[in-house]
Amino acid sequence: MNAIRQSEFFRDLDEAVLREIEHEFKQVTLEPGAYVFREGEAGDSMYIVGRGKVRVCGTAEDGSEVLIDEHSVGACVGEIALLTGQPRTATVYTLQASDLIQLSKHGLMQIANRYPQVALQLTSAILPRLQRMQVAHILNTLFGKLESDVLKALQAEMQWVELHKGEVLFRQGEVGDGLYIVVTGRVQIVYTEEDGHERLLAEASVGETVGEVALITGDPRSATIVAARDSNLVKLPTALFERLLDEYPRMMTQITRILMRRQMRMLKGVHATRSYNYALIPLSHDLPLRVLTDQLAAVIARFGTAIPLDSGQFDVLYGVDGASQLSLTHPLDIAIARWMNDIDFRYEYVLYVGDPNASPWTTRCLAQADRVILLASADDLPTVRPIERLIAQRFPNIRTELVLLHPSQTTVPQGAAAWLDVRTVERHHHIRRDEPQHVRRLGRLLTGNGIGLVLSGGGARGYAHVGAIRALQEAGVEIDAIGGTSMGAVVAAGYALKQAVDSMFQIAEQFASTRKLFDPTLPLVALNRAAKLTAALKAVFADTQIEDLWLPYFCISTNLTRAEPIKHQRGLLRQAVRGSLSIPAVFPPLQVGGELLVDGGAMNNFPVDVMADFLEGGMVIGCTVSPIRDAPKHPFDLEDSISGWTVLLNRLLRRNKRVPTLAKTILRSLEVSSVYRVRTVEDQVDLLIRPDASQYSILEFDASGPLFELGYAATQAKAQRLAADVSRAVRVAIKG
266 MNAIRQSEFF RDLDEAVLRE IEHEFKQVTL EPGAYVFREG EAGDSMYIVG RGKVRVCGTA
326 EDGSEVLIDE HSVGACVGEI ALLTGQPRTA TVYTLQASDL IQLSKHGLMQ IANRYPQVAL
386 QLTSAILPRL QRMQVAHILN TLFGKLESDV LKALQAEMQW VELHKGEVLF RQGEVGDGLY
446 IVVTGRVQIV YTEEDGHERL LAEASVGETV GEVALITGDP RSATIVAARD SNLVKLPTAL
506 FERLLDEYPR MMTQITRILM RRQMRMLKGV HATRSYNYAL IPLSHDLPLR VLTDQLAAVI
566 ARFGTAIPLD SGQFDVLYGV DGASQLSLTH PLDIAIARWM NDIDFRYEYV LYVGDPNASP
626 WTTRCLAQAD RVILLASADD LPTVRPIERL IAQRFPNIRT ELVLLHPSQT TVPQGAAAWL
686 DVRTVERHHH IRRDEPQHVR RLGRLLTGNG IGLVLSGGGA RGYAHVGAIR ALQEAGVEID
746 AIGGTSMGAV VAAGYALKQA VDSMFQIAEQ FASTRKLFDP TLPLVALNRA AKLTAALKAV
806 FADTQIEDLW LPYFCISTNL TRAEPIKHQR GLLRQAVRGS LSIPAVFPPL QVGGELLVDG
866 GAMNNFPVDV MADFLEGGMV IGCTVSPIRD APKHPFDLED SISGWTVLLN RLLRRNKRVP
926 TLAKTILRSL EVSSVYRVRT VEDQVDLLIR PDASQYSILE FDASGPLFEL GYAATQAKAQ
986 RLAADVSRAV RVAIKG
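In this text, residue positions in the sequence shown follow the working numbering: the first is 266, and each later residue adds one.
Now the structure itself:
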């Protein structure tokens, strides 16, 4: 009791209260040279020196001991770990026979339950010490090794800033009045374009600075800073910043390094360099949550350190039963929040698994999350749950995705539209139980490591895409999303439907000749009625909806009414493909909602940009069958002007005069778009496959077999190298 009374954390407590909580403390007697705890060990207790003396030391780079401090009666050690749960940052051992009074995390919880004010007083007293320690580490990194009195002087002039998720630190265009250092959490750097569109440039995490550019250049703030998570920062006012630049030239070097690293991340793209916290929120009660999250975490761990945390796992790691469900006004909320901040710092990916309701744990998960993943049984009612309404109210701008879990016997998903119609989500995913490939796909897409395949238009030459997919599949390259234009849209839809090359060969047979596709008519609207084309598409795709495909799919058509490309990601699959295939003048336009759609090749015959946006930093594979130069086997007999009647007469009289047909001219005109786009979007394609199909006509649909082999041969070696590169990259990520 005398030791507790002398402690700075308990000396002001009423004697009666001390007597009430005395039994939560445990006395530990140690011989000289005994370790109280070692650097790196898990921290779950604090100690008060009751008798004797202890030494606190760290470890130098060469392994030698570095003296930090020595403490005698009344001093506390280990209190930071009690608050954060992080591993011990120093080693403590006795210099003489000593008695130490131990307060465990469990004991603190018992005190908090009976005397909340005592626990709040304790955690509030420890917090400034933790903050000083965190800032000291950051300042030593920025300025070099600082003396203790210099550190104290600097910290006295700094201003602490607390931001809740979504709050703005400062806005683009404002006058710069200081530099900020991120101590906990993470902030986003957002640039507003002249048209008002906001673009996420980068993120700044613990130890990084923001706001330095305006101070260095004297210009207004160049971007807006928004808290991505609950965050704490320290502000160096302009006068202090300028004084430090004069006194510590090293600071400018360190800030320059931070800016250069940030610039490199911006060049790579924010999706390729950021880490994520996910809040997995169950909407159904019969989900195998633990199994699913463990599997998903194992996949994500291939790309960086990852940990799944539901309320039970949190309690085990934190060391106190029921800690996860403590209210946000509980006196130990500070300790829990700091513990979660430490988890965020130590892991690149944290999968917080919430409850189906708005419990305290669910609220904590949402506050820490960068995006929300809604999990539901596909055969459950698709109605909006109360927890979803809470998310919309409390976190209106958080990115949300939907995962629908299907029974293991499901062959084709159904009913996704009912889920999507009543909620706003960025993407949705279909997962079949006991299907590891589906979980792998989800993990890759969520972390920005997905592999997407884009197929160009090109008429009959598009059959080469089937061979390319076969080569990718044989090499073990798992395609996570697929899309295309015109004939590429057909092949992509066939693969998205069944994900099997054999079935794609069968689908190709439906389009294997012009007789099966073309039904000539009086050319007032188009050369063909498109009845055969429509029937062929219906025979293959029936009434399948795009949103019910296992594999994420899109295709592109051109809206003649609005003069813009249309991205089809929902709706009747055969209708979307029909629009993407509607070659102007060859087939009549497709009318949807009063607007006319024609072949997507008119505006985007090689939509790798659409896939890049969908993947958020993943790998884009592009296969284009459009030759750079389309040289006819024999020169054409063309004059400056030509009469259609003359051409018809020559054909009837079997005169050998060669002229390009209307259909071929239109198709090649669309194909040229793909050739041009390869040059303009080449930086968005990670692997470009270009089968040379120039020897085959755009309308040579009966050459499917040779074109299959052509695409296969052009892809085989590249696919094998890609599979090896992907495997090597995963090994590097795991090692890192």
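A virtual CB, placed ideally from N, CA and C, is assigned to each residue, including glycine. Keep in mind it's a predicted model, so treat the numbers as computed, not measured.
Give the range of the beta strand (DSSP E) segment to which Arg697 is assigned. 692 to 697
Identify the continuous alpha helix (DSSP H) that holds Asp878 and give its terminal residues. 873 to 880
Just the C-alpha distance for Glu335 and Cys341, rounded to the nearest angstrom, thanks. 11 Å
For Arg436, collect the residues of the same chain with a Cβ closer than 6 Å to its Cβ; drop the 5 residues on either side in sequence, then sort them by chain order. The beta carbon of Arg436 lies closer than 6 Å to those of Thr489 in the same chain, with the five residues before and after it left out.
Go to Gln590, then tell me how far its beta strand (DSSP E) extends in each direction, as first and last residue. Neither: Gln590 is in no beta strand (DSSP E) and is coded neither H nor E.
For Leu707, does the count of other Cβ atoms within 10 angstroms reach 16, so buried, or fall short, so exposed? Classification of Leu707: buried, given that the 10 Å Cβ count is 16 or more.
What did DSSP end up calling Arg664 once you bin it into helix, strand or coil? strand
Taking contact to mean 3 or more Cβ pairs, one atom from each stretch, closer than 8 Å, check whether the region 950 to 963 and the region 974 to 983 are in contact. Verdict: yes, contact present.
Determine, using beta carbons only, whether Gly315 and Asp277 come nearer to each other than 7 Å. The answer is no: Cβ separation not under 7 Å.
So, at 6 Å on beta carbons, what are the nonlocal neighbours of Ala623 in its own chain, with the 5 sequence-adjacent residues on each side left out? Ile652, Leu655
Out of curiosity, what's the CA-to-CA distance linking Asn714 and Ile565? 9 Å
Assuming Ile886 and Leu718 make a contact with CB atoms under 8 Å, what is their CB distance in whole Å? 5 Å
Measuring CB to CB, does Ala634 end up less than 7 Å from Asn542? With a cutoff of 7 Å on beta-carbon distance, Ala634 and Asn542 are scored as near each other.
Collapsed DSSP secondary structure at Val997 in the structure displayed: Low per-residue confidence applies at Val997: pLDDT is 47, beneath 50, and the placement is therefore not dependable enough to give any value.
Which one of Ala725, Ser721, Lys500, Val637 has the shortest CA to CA distance from Thr689? Val637
Can you check which of these residues, Gln856, Trp626, Leu669, is closest to Asp645 by C-alpha distance? Leu669
Does the region 315 to 329 come within contact of the region 275 to 290, defined as at least 3 CB pairs closer than 8 Å? no
Note down the Cα distance separating Ala988 from Ala733, rounded to an integer number of angstroms. 14 Å
State buried or exposed for Ile345, treating a residue as buried only when at least 16 other CB atoms are found within 10 Å of its CB. buried
What are the start and end residues of the beta strand (DSSP E) that includes Ala492? 489 to 492
Could you give the distance in angstroms between the alpha-carbon of Leu647 and the alpha-carbon of Thr521? Looking at the sequence shown, residue 647 is not Leu but Pro. Here the alpha carbons of Thr521 and Pro647 stand approximately 51 Å from one another.
Residues bridged to Leu574 (per DSSP): Tyr617
Between Phe274 and chain C, is there a C-beta pair that is closer than 7 Å? No chain C appears in the structure shown, which is made up of a single protein chain.
Straight-line gap, Thr675 to Lys983 (C-alpha atoms, nearest Å): 34 Å
Less than 7 Å separating the beta-carbons of Gln367 and Lys291? yes
Gly323 - partner residues in DSSP beta bridges: Val331
Do you know how far the Cα of Ser272 is from the Cα of Phe568? A straight line joining the alpha-carbon of Phe568 with that of Ser272 spans about 46 Å.
Assess, as a yes-or-no matter, whether the region 836 to 850 is touched by the region 748 to 761 under the definition of 3 or more beta carbon pairs within less than 8 Å. yes
Please classify Asp620 as buried or exposed, where buried requires at least 16 other C-beta atoms within 10 Å of its C-beta. buried
Looking at C-alpha atoms only, which residue of Asp460, Gly461, Ala492 is the closest neighbour of Ala467? Ala492
Between which residues of its own chain and Leu685 is the CB-CB distance below 8 Å, once the five residues before and five after are set aside? Leu667, His693, Glu812, Arg835
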